[in-house]
Each structure stands twice: as structure tokens, then as C-alpha cells.
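Residue numbers (this note's numbering): -17 to 1051.
Even for Gly, the Cβ is constructed at its ideal location relative to N, Cα and C.
Keep in mind it's a predicted model, so treat the numbers as computed, not measured.
Below: one structure, written as C-alpha cells.
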């Protein structure tokens, strides 16, 4: 909801013609103009200077008040137009808590200066020279120049953005004003100081407060708040209900919308727009739920929530069994002070668990305890904390980007770790999380990313790929230089940069004529792999203040320096030439524009348009190359983009599942789904192998809706590649072979055939199965087979988000499905609000989640399932009671045949929910199969011996211990990670366990590195139950069989050892 709009500086220089007085000094001034710009979630000290015209104001919630105004200061001039100032101070310790401005100006009444009119001094022999440019240095022709308080235009900027005004005296302090369509007006004052001075008038608009969703009972009141800031200050606010403008006079609203005596028909979606001279900016949406009289906000009867029981707990041959443990919907309850005229509710209450009941599940050979939800009720909410973790790596080599500076907007918040890891806590009310990673070595481009996150508080993991800069080339500043854009094999360059001779200069404006070290890095969309390292999310702010998508034809970064120096050089104007033959989509040649990326907001700002130009002569021949030509001034390290705004948009519905059974109760939240628009399927006249844009979204309880370009007339006009990741794990889409089945893919016919679903291994079974491609065929109105997804029209976002699981959607499943987790107290890790306080809870602290894993090495011919049994060990109230079970299948080591390893989670030792006494969990590790323990990590064994009580190690087929209270590392075979998100803590710990290190990360198992215990397994005789199954069905009998078998083996070895030595002795004789 932000926009980056270029700042225009109006630089006015006073020149003297013949006959002017020699003592008169040159005059200079500058004026800043800026397009609409929105920076969500990025408050600054200036944003609190917020005033609103009385006609739009209903009330203010003032937490602090200003002190008395101070005396007026002196006038700024002894004659002619001048002003004086006075100030006031805010006594609040915060310094910015008082509404309004700390400064007030007043015109002074002074006698007219000699040779001056009422408003302006006239010096016929004096000329003001000026130029109008954008913030990045782009000249703006056609700007209308006027003198304030005088009607009419006195000058217009030319093709180079320059202008001249006759007869304005240098010492008159005349106010020069510039206006241009699409930009807000700005003005600056002529200064007689003998040098060029620049006055920047900031016209950005910030939304520093968005309306928040509320729940109210009928008859109560509600207040929605929307706060914007900028220069000039937005004065006008408009409020919308379900997209319809509310009448200002009827509701008497300003920045606050207060609704009294609510009725059910007032429920729905609300948003605001703030206006100033530059245009509008739109807020986020807020939901209002109005409960009818007597309607409960939280149904005490829990909803159905099925958990999967262990495999051995179901009926033989019937598959896994499921148990309904109940679920309380994570919905808001009405505030107890719901009628108060305040922006924020005094207390936040949600529908959550009020009472649990203990039950027992009888499985073959054992009893499984469980606690189910018996009653729901309104309780105090846990504050959601969005969390983003990940790694920054090189796109070409995968090497980590160490100690890169991390910027949140403009604010530095830290550095990446040695392995490129980072953690970011999302600020409250953030709409777009814009993060920049700056490489300290300068070898990589600044990685500007808009990272999707879960606003409900669940953690999300991202892998950020940074693009390496191109090798430098040496240019001669005294000659014209041409640099191609695009260096793909067997492909012509997409365009070129033309740097004219004598156009280089230093940051202070002085010309530069020496050699230039230039590094021009081009992100070529014809290379499909470049989409992973492309910056931002290709959005801009349109004229209505809303985010709109762009279709890219390439991005480039220009880094100019003096050889052997860190000094950056500037150049301009630079000609950008784009080959028209590379653009085949209808209308794109005429709509192409040059954009630059604002790293603060992650949005693109328009720099210039393009014009057609032939390669030679005025007559365009058939074989002649046609170029689109634009100009840009390169004054700062910005990324430029060749883009076309695209209006043909849709949404695609995607869900993620725990396995390929696609059970609706086993959906996975927190999966990052990415959609890359391709241009298009082979056989259509657009770029056959190029990507146009990309978008990412995070799956919630109802999946995710991803924006994409689509077409209603030609199904294959736009295609898409869709992938999904969870942590470092790639998910697999539903299989399409031998033919896509609607029940498997999740899409009904005949729409499925029209979409042309194909998994990435469709043409080559050896290819990775990590994504699928589809035609983005817009649903046809009136066709019932295309009315329920998986592609929805752009205006049907609400229908896409609220679609039931039975509606058509695309599916992904976790590959690492050979895992099982069972908690006695159920908890959904993707929804932190589902946490319930109980002594048997696996995670005792909802604000801090500690994940512990043990690395188990197995010597055997196949992969084996390893179980972790966790029960109370030392706490008197939980001793012997089950916390939960964990199953994990071992993974083969590609370097060591016959060896595999498993990373098995166990419940960490430490304080329980009551925070009164620690419990050292009794952990039992047991592989499935005929296995025996052959080795234990020496450091781990010594640690357990030094921290009694020890656990008797009578069972040779298992390993038992009391969980350590200390966070042991890879030297012990134990991996511990603490995080604010349980899912992220587990993903990071698993990556370290696979790698066998305390700070690394790997998805390839290294079975010999950092192991805790080793088992040796062999295949049982055909038809005989496995040891794992025998222990579950009859533990005493199984242990007796183990002792008997080991005794028989020992006796057999003893009988064979004597003759063997005798035979060897005879041979040696």
C-alpha cells in the first residue's frame, strides 16, 4: 500500500545579463515535487505532526498536550514579503506524542522594497535559471512554472527540464512554484547566496495507522482509525464499506469513523483513503462482525479437529485411525468496553480452550492417553508476533552471504550470521515487509525482498538468493560507450545502454574525465532461473492509490566508480535502447516504461517513457531494427526495470498437505507458495521461455491465493510455474501421470483440461518433481464448471480466500511424509493461538519454543522408522505420564552404502507450564526392526553419568536417557534450537542435525557426523513380526526373546572359537 513517487527538484539559478549591477550576487533556489508515495509500517518522527481540518474531524484521542506558544520571532526581511515564526514544546517524554505542529508561521507587514510590486520585486536585467528533475535526476519537461500569489504560468520547462524567468530580483525571496500532471506541486524560495541551494519539499504520504478488525454486539459502538502523514499533510479522508463510499455528512467522519448503535447490516469490510495534492493512498481492510442479540461470540461446543493416531493403533488393514480432539475457532470476542470511542480495544479477547478432558485410547498392547477440548470460551488473547527466518545465499554458488547488513525500510536492524542466517520480528501493523540485504564485500547486488509472513504469529522461513554483480569493464569517460543488456547464449541482447561522452561527474557535480570502472548487472527474464534472485515483487502504486502489478522485460543495476577508489560516479543523461523485436505481446511496445526501485517500500517508480526509433534514416525498412528509446540519469545505486503495467489479473488457489493422501484435516500452514508467470506456452506468439513476474503467499488454514496474469480469450496466453517450500524442504504437487485425475489434482473437469496441468517431470521422469505448470485461463462468466476455482477473477479475492476445501484447488504434499507426531495435549504448530496451558503440554511456554533432536545412526540394508517415547522423568506430578510420541524414518547417506541416520525429536528437559520445577523428560529411542544398540556417543555418556539419576540400560534394542537441561551441541549428538516459532525451531534443528554441526544447514544426510547413538539392524525372517511390533504387542515376551537369542548367539560363538583357532594353528604349521 505504498508507492514510490519520484521527487522533483526545481533548481533555480539567477544569472546576470549585460547591464546588471556587478554587486548583485547570483540567485539560486530549488523546488521539490513528489509523486504519491506510501510507506506502510515505517513511522518517522515527522509523522506525528498531524493536523486535520475541522470539517473532517469528529474528535481526537489526545494522550499529551502542547505547552503554551512562545513569542514570535523576528521577521525574515526588512522590506517586502517576509514572515516570522513561533514555537511550542511537547512535555511528553516521547517528544512526539502531541498532535499538531510545533511550528507556526505568520506573514509580516513590511514596507515595499524599492522596485518591488505587491508580491514580487522586479529587476528587468535579472534572469532566474532553473531545472526540474526527479529525485533520481531524470529531467521533467513540460512543468508549469509560476510565481506564488500571481496567476498564470511564467515559464515551462523544456525537453531538458530547464526554464528561465525574467525580471525577478535576487534579494526579493520570490517563491517559485512548479506544477506537473501526475506530481504534486511544490515551491521554493530564491536565495541570493551566490551558490545553488536545494530546498526539498517532501510530498510522500505515509499511512501510519490502519483500521483494525473488530467484533461488536448489536447496539454497541465501534471506532475505526486511519492516520496518514506527509507534506502537505493529508487533510481529507474517505471511508468505504464493502467498497461503497460512505456519506461524509451523514457519518461526520474524518480520520476516524465512529459508528453508533450498530445494526447487523453494518457488518462487512471497511477501509479508508487519505488525500492530498499528490492523490490518494489506500489503507488495509478491516472486518466488522456484528452479533445479533443473544448470539454467542464463542460457541462453547468445540469444532471437529481430527488427529492421526499411531499406525499400530488402527484396525489391521484399514489404514490409520483418527480421533476428534476438538478445536476452538481462533475468532475475536467483543471487547468488554466495546462502546468506548477509542481506536484500540482496551483488552483483546479470543475464543479459545476453557476446559480439557482426559481420555484413554486402547491400542493393541498399550493405552494411549489424550486430552480433548471439552469447552470453549472467550479468554485473553496471546499477542501475535510475526516472525521471519531464513538464509541469504549466492544465487550462482549457494555460498552464504556472511555478515550482510539488514535494513528494514531505511532502518538497520542487524546482520546475517556466518552461515547467512537471519531472524526478523515483524513490526505490528506491517502490511508489506520490505527487507534489504547489503553485501559488505560489494560483490553482490543489494537484495531487496518483499517477504511474505503470517500475521497470525506463525513463523515463516525464506531462502533469499543474492545475484552476483557482473565483472567490471573499464570505460573511457571522454568517449561514447555502449553496454549490452542480456548475454544469453544463442540469444540477441534485449537492449543496450548508451553512455555519452563527457557525461560523467562526481557526486558534488564536478565533471569527471578519467577511466570509469563500470559493473552493469542485468536480470534477464529469458533465463528462468533468474526469477529466484529478482528483487521486490514487481508492484507500483496506481492513480487510485492501490497496488498494481508490472510485467518485466528485464532489470539492470549500474555501479560506476573511479578505478581503485570507492567513490561512486554519476552519469546522465543515459540512453536506454530496447529492441522492439523482443516484445511480442500486443500493446506492450506502446506501454513500456522505465522504472526504478525504491528500496524503502519495495515499489517501483516511473522514470520515463519510451519512443520508437529506427536504427538508421527516417524510412523504416522491413529488415531494419526498431528500438524503443528512453533516458535516465544515474545518480544513485538504484535498480532499474523495463516494465509494462498489466491489468489482466486473476487469483490461483493452492493448498498444502502433510502427505499425498490429501486429507482435508492434514493441511499444512506456513508453506511459502511461489507463482512465476511465464510468457507463454509454446506455440503462442509471445516470448516462449521468459518469465514476466512472480508472487509469493503463505498458506493459512484455508490455503493461499496467489495473484497472476491471465487471459479470457486464449487459455495459453499466460502460463505459470508454481512451487512450494516449507523451511528448506520442497513440496511435491499432485501427480499428473498417466493422465491428470480430478480427484488427485483437486480440479474438476472440463476446467482441468483447459488449464493444461503438467508437473515438472511430465516430459522427463528424471526431472525434479517440485512444481507444476498450468495455462492461466480466466474463468468464463456463466460457466458453472469454472465458477468454483481454482482460478478466480481479480475482483473475487474474498471468494478465493473463503472457498471450502471441496472447491477446486491445486495441491502440494510434503515429501518428508515419513514422520509422525503425537501430543497428549493437541497443539497446531502453525497456529500459536491453539496453545493450551497444561503440565503435559509438549511446549510449556507459548512465547518461547525449544526444539530438541537426537541423531541416531543405523547400520542396516534399508531405511528404518525410529520412535521417540517421551514421558515425565523427574517432576513429581508428571513422572511416568506420556507427553508424546515422535516417529522419524532414517535417511540414507549417499556417501556410505548400508548406513542411514534419523533426526528424532524428543521433549526438551526444563520447566513445565507451572514454571515451578524442572522435569528431565524420560526419553526412550527405539528403532523399528531387529536392531540392537552398538555404540553411544562418549561425551553424551559421560554427561549423563555426571548428571544423575542414570537410566538403567537393560534393553539392548533401545536407548534411554533423562533429557539434559543444558543445550548440548553436535559433539554430543544433540541439537537444540530456541525460537519464537515452533515450526522454525524444528526446521533449523533438523537442518543442523542433517549437517552434523551446530551452525550449519543441510538437506543431505551426513550419517557419520555428530551422532548420539548407533544401532545395528538386520532383516527379520520372512513372516516374523518385527521387534518393534513385538515390543508394542507384548513387551515382556519380546525382551525375554531378546535375552534368549543373545544367549544362544554367545554360546554358539564360544563353541566355534576353539576349533577355529585350532584350524588356524594347523594351517600356519
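Start-to-end residues for the alpha helix (DSSP H) that takes in residue i
i, result
"residue 783", "779 to 783"
"residue 977", "964 to 977"
"residue 232", "230 to 233"
C-alpha gap between residue i and residue j, whole angstroms
i, j, result
"residue 912", "residue 883", "16 Å"
"residue 950", "residue 958", "7 Å"
"residue 136", "residue 159", "10 Å"
"residue 232", "residue 239", "11 Å"
"residue 519", "residue 341", "49 Å"
"residue 90", "residue 126", "28 Å"
"residue 576", "residue 534", "10 Å"
"residue 825", "residue 962", "11 Å"
"residue 807", "residue 344", "17 Å"
"residue 620", "residue 542", "12 Å"
"residue 479", "residue 677", "29 Å"
"residue 848", "residue 892", "24 Å"
"residue 570", "residue 531", "14 Å"
"residue 616", "residue 591", "16 Å"
"residue 347", "residue 292", "13 Å"
"residue 468", "residue 388", "29 Å"
"residue 1064", "residue 952", "There is simply no residue 1064 to check, as the chain begins at -17 and stops at 1051 in what is shown."
"residue 246", "residue 276", "13 Å"
"residue 756", "residue 797", "22 Å"
"residue 25", "residue 205", "Per-residue confidence for residue 25 stands at a pLDDT of 30, beneath the threshold of 50, marking its modelled position as unreliable; the derived number appears in the next sentence. In a straight line, the C-alpha of residue 25 is about 22 Å away from that of residue 205."
"residue 708", "residue 550", "40 Å"
"residue 145", "residue 134", "15 Å"
"residue 217", "residue 452", "47 Å"
"residue 219", "residue 325", "16 Å"
"residue 486", "residue 430", "27 Å"
"residue 899", "residue 750", "49 Å"
Unbroken beta strand (DSSP E) run spanning residue i, endpoints
i, result
"residue 309", "Careful: residue 309 lies outside any beta strand (DSSP E) and carries neither H nor E."
"residue 920", "Here residue 920 belongs to no beta strand (DSSP E); instead the alpha helix (DSSP H) covers 920 to 928."
"residue 675", "672 to 680"
"residue 804", "801 to 805"
"residue 849", "847 to 853"
"residue 257", "250 to 258"
"residue 217", "Neither: residue 217 is in no beta strand (DSSP E) and is coded neither H nor E."
"residue 361", "348 to 362"
"residue 655", "654 to 661"
"residue 687", "686 to 691"
"residue 271", "268 to 273"
"residue 641", "Counting along the chain, residue 641 falls outside any beta strand (DSSP E), and DSSP gives it neither H nor E."
"residue 587", "585 to 591"
Beta carbon of residue i nearer than 8 Å to that of residue j
i, j, result
"residue 969", "residue 710", "yes"
"residue 515", "residue 448", "yes"
"residue 686", "residue 659", "no"
"residue 1053", "residue 747", "Because the chain spans -17 through 1051 in this model, residue 1053 falls outside it and cannot be assessed."
"residue 278", "residue 202", "no"
"residue 886", "residue 942", "no"
"residue 527", "residue 210", "no"
"residue 923", "residue 997", "no"
"residue 724", "residue 741", "no"
"residue 820", "residue 895", "yes"
"residue 781", "residue 733", "no"
"residue 554", "residue 439", "no"
"residue 987", "residue 838", "no"
"residue 622", "residue 523", "no"
"residue 475", "residue 466", "yes"
"residue 791", "residue 680", "no"
Rounded distance between the beta-carbons of residue j and residue i, thought under 8 Å
i, j, result
"residue 822", "residue 850", "Not a contact, Cβ separation roughly 16 Å."
(request) Output the residue ranges of the beta strand (DSSP E) runs that lie fully inside the region 527 to 576 and measure 3 residues or longer, sorted by chain position. (result) 529 to 543 and 552 to 561
(request) Tell me the start and end of each unbroken beta strand (DSSP E) in the region 372 to 451 that is at least 3 residues and wholly inside, in chain order. (result) 387 to 390, 393 to 397, 403 to 407, 416 to 420, 429 to 432 and 441 to 448
(request) Pick out the complete alpha helix (DSSP H) segments inside the region 717 to 780, 4 residues or longer, and give them in chain order. (result) 724 to 727 and 733 to 737
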